[in-house]
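Down below is the structure, laid out as structure tokens.
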Ligand code: ADP
Ligand code: MG
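Numbering (our numbering), first residue to last: 2 to 418.
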């Protein structure tokens, strides 16, 4: 049983950089768990704390039911693969994969058998006698994985193992890695900044931003039912439409989301309306993915948005259309590019930190305040007639897919987990 629990974990680097804030996670035994977030958000720091390569400033790490903060890395039965899984250049593929077993003085015949078997699973069986220098990047990463898995670790940690490979190879290898680690049954924590990798591989995803956990759930949960605007924006391609609105509770209608020149109404029996009452007269952000908008003709229903098509893009399996709708919007791409490390007082003593909760800090202002700009509504056309450039279109809104966020970027309405 190797489940991993992080309980109120903080990491402050010696220079004072507060890289991880009060992190709470429960990674279940045998799970393929992905840590996702933009570069610099603290993913590697978390992984290194789990591996024992980085000291935990405060909070507890539990491995398989015991507190492991002080356990040395080699007592954790953990294997790790990095972005550039460095190999021994003068050892063959077999020699590299065998090496951990030679250290533990395993029986050489048995060890050879194990290597052959694992090499087959990794598609390396025909290259066991080759030197790393003669292999492609993808093959070298497979060898690095083989070397990590050969000891049958109960916990397998991978830090962006595919990020130095080209896109085609990445797509191919992510399928193989997911299948392989599932077949070993090892609890796996996989770090990436690539949302597609996270969505396609993970049993569950934790999304981090600036050292803070934003959301955790299955790929479907974090995509369809995100806890925050950052998560909605980070997990979206094409970018989610984020529109600035004001919420008005109107007695006979429901909650009106005033988008400036346009509006949408959530009826009173909608589960989001209850939460929105508390935001009467306040600015909120409405999120709609490109596939929650469908061009319609026929009589207007009042639950539609209108716009003028400016651009059409062909993407093979679909077209994307961009329509000017006059609605002030929030630039979703800003969320995916921001890196803002926070500095705190250096030298927080571990004991002190354990007993002292950090002073409540003012919530950071989200960048959408003051960064309104008019952008187009993006919608998807998968089949049916395609509008012309310059055409006025009416877009039916899939109200069940509509997401509303408060001024701090938190979802308004129930988030089910
Ligand atoms: P990620 O893996 O998500 O890109 P990291 O965990 O590497 O993020 O880094 C999180 C933050 O901690 C970054 O601001 C980074 O510069 C900082 N950091 C990482 N390692 C150290 C270190 N050894 N000393 C000081 N700061 C560090
Ligand atoms: Mg990293």
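The beta-carbon is built from N, C-alpha and C at its ideal position, and this holds for glycine as well.
Contact test: residue i Cβ vs the ligand ADP heavy atom, cutoff 7 Å
{"i": "residue 237", "result": "no"}
Nearest residue (CA-CA) to residue i, options the options
{"i": "residue 50", "options": "66, 77, 272, 113", "result": "77"}
{"i": "residue 184", "options": "6, 122, 148", "result": "122"}
{"i": "residue 14", "options": "5, 45, 8, 144", "result": "45"}
{"i": "residue 377", "options": "404, 384, 316, 307", "result": "307"}
{"i": "residue 412", "options": "397, 298, 273", "result": "273"}
{"i": "residue 211", "options": "21, 257, 17, 16", "result": "21"}
{"i": "residue 67", "options": "279, 145, 7", "result": "7"}
{"i": "residue 171", "options": "190, 158, 138, 188", "result": "138"}
{"i": "residue 74", "options": "155, 36, 23", "result": "155"}
{"i": "residue 199", "options": "402, 37, 399", "result": "37"}
{"i": "residue 25", "options": "407, 214, 275, 269", "result": "214"}
{"i": "residue 315", "options": "239, 253, 140", "result": "239"}
{"i": "residue 292", "options": "107, 225, 405, 110", "result": "225"}
{"i": "residue 166", "options": "187, 158, 146, 84", "result": "84"}
{"i": "residue 164", "options": "149, 194, 390, 182", "result": "194"}
{"i": "residue 47", "options": "245, 259, 267, 208", "result": "208"}
{"i": "residue 283", "options": "417, 247, 391, 328", "result": "247"}
{"i": "residue 304", "options": "266, 295, 142", "result": "266"}
{"i": "residue 61", "options": "27, 80, 43, 82", "result": "27"}
{"i": "residue 93", "options": "147, 188, 42", "result": "147"}
{"i": "residue 53", "options": "69, 288, 43, 256", "result": "69"}
{"i": "residue 5", "options": "41, 17, 43, 64", "result": "64"}
{"i": "residue 297", "options": "219, 260, 397", "result": "397"}
{"i": "residue 260", "options": "107, 173, 289, 186", "result": "289"}
{"i": "residue 309", "options": "181, 168, 392", "result": "392"}
{"i": "residue 329", "options": "271, 405, 317, 245", "result": "245"}
{"i": "residue 55", "options": "82, 12, 19, 41", "result": "12"}
{"i": "residue 302", "options": "264, 322, 275", "result": "264"}
{"i": "residue 40", "options": "109, 268, 196, 325", "result": "196"}
{"i": "residue 158", "options": "192, 168, 400", "result": "192"}
Environment of residue i [buried if 16+ CB atoms lie within 10 Å]
{"i": "residue 431", "result": "With the chain covering 2 to 418 only, the question about residue 431 has no answer from this structure."}
{"i": "residue 415", "result": "exposed"}
{"i": "residue 312", "result": "exposed"}
{"i": "residue 135", "result": "exposed"}
{"i": "residue 387", "result": "exposed"}
{"i": "residue 160", "result": "buried"}
{"i": "residue 10", "result": "buried"}
{"i": "residue 118", "result": "exposed"}
{"i": "residue 299", "result": "exposed"}
{"i": "residue 130", "result": "exposed"}
{"i": "residue 227", "result": "buried"}
{"i": "residue 278", "result": "exposed"}
{"i": "residue 87", "result": "exposed"}
{"i": "residue 281", "result": "exposed"}
{"i": "residue 43", "result": "buried"}
{"i": "residue 419", "result": "Only positions 2 to 418 of the chain appear in this structure, which leaves residue 419 out of reach."}
{"i": "residue 182", "result": "buried"}
{"i": "residue 79", "result": "buried"}
{"i": "residue 35", "result": "buried"}
{"i": "residue 218", "result": "buried"}
Cβ-heavy atom distance, residue i to the ligand MG, below 7 Å
{"i": "residue 223", "result": "no"}
{"i": "residue 55", "result": "no"}
{"i": "residue 190", "result": "no"}
{"i": "residue 204", "result": "no"}
{"i": "residue 314", "result": "no"}
{"i": "residue 160", "result": "yes"}
Residue i Cβ short of 7 Å to the ligand SAH heavy atom set
{"i": "residue 198", "result": "Absence of the ligand SAH is noted for the structure shown, with the ligand ADP and the ligand MG being the only ligands found."}
8 Å Cβ shell around residue i - same chain, five flanking residues per side excluded
{"i": "residue 105", "result": "152"}
{"i": "residue 96", "result": "89"}
{"i": "residue 72", "result": "53, 64"}
{"i": "residue 417", "result": "222, 226"}
Sequence-distant residues of the same chain with beta carbon closer than 7 Å to residue i, five excluded per side
{"i": "residue 410", "result": "229, 230, 231, 367"}
{"i": "residue 319", "result": "381, 382, 383"}
{"i": "residue 179", "result": "33, 202"}
{"i": "residue 254", "result": "266"}
{"i": "residue 145", "result": "82, 86, 88"}
{"i": "residue 321", "result": "239, 291, 314, 379, 381"}
Closer than 8 Å to chain B by CB, residue i
{"i": "residue 150", "result": "This model lacks chain B altogether, as it is built from one protein chain only."}
Close-in-space but distant-in-sequence residues of the same chain around residue i (CB under 6 Å, 5 per side omitted)
{"i": "residue 402", "result": "293"}
{"i": "residue 120", "result": "126, 129"}
{"i": "residue 133", "result": "88, 90, 141"}
{"i": "residue 408", "result": "284"}
{"i": "residue 99", "result": "112, 116"}
{"i": "residue 395", "result": "297, 305, 307"}
{"i": "residue 143", "result": "123, 125"}
Report all residues for which the CB-ligand distance to some heavy atom of the ligand ADP is below 5 Å; order them along the chain.
-> 14, 18, 20, 40, 41, 42, 43, 44, 45, 46, 342
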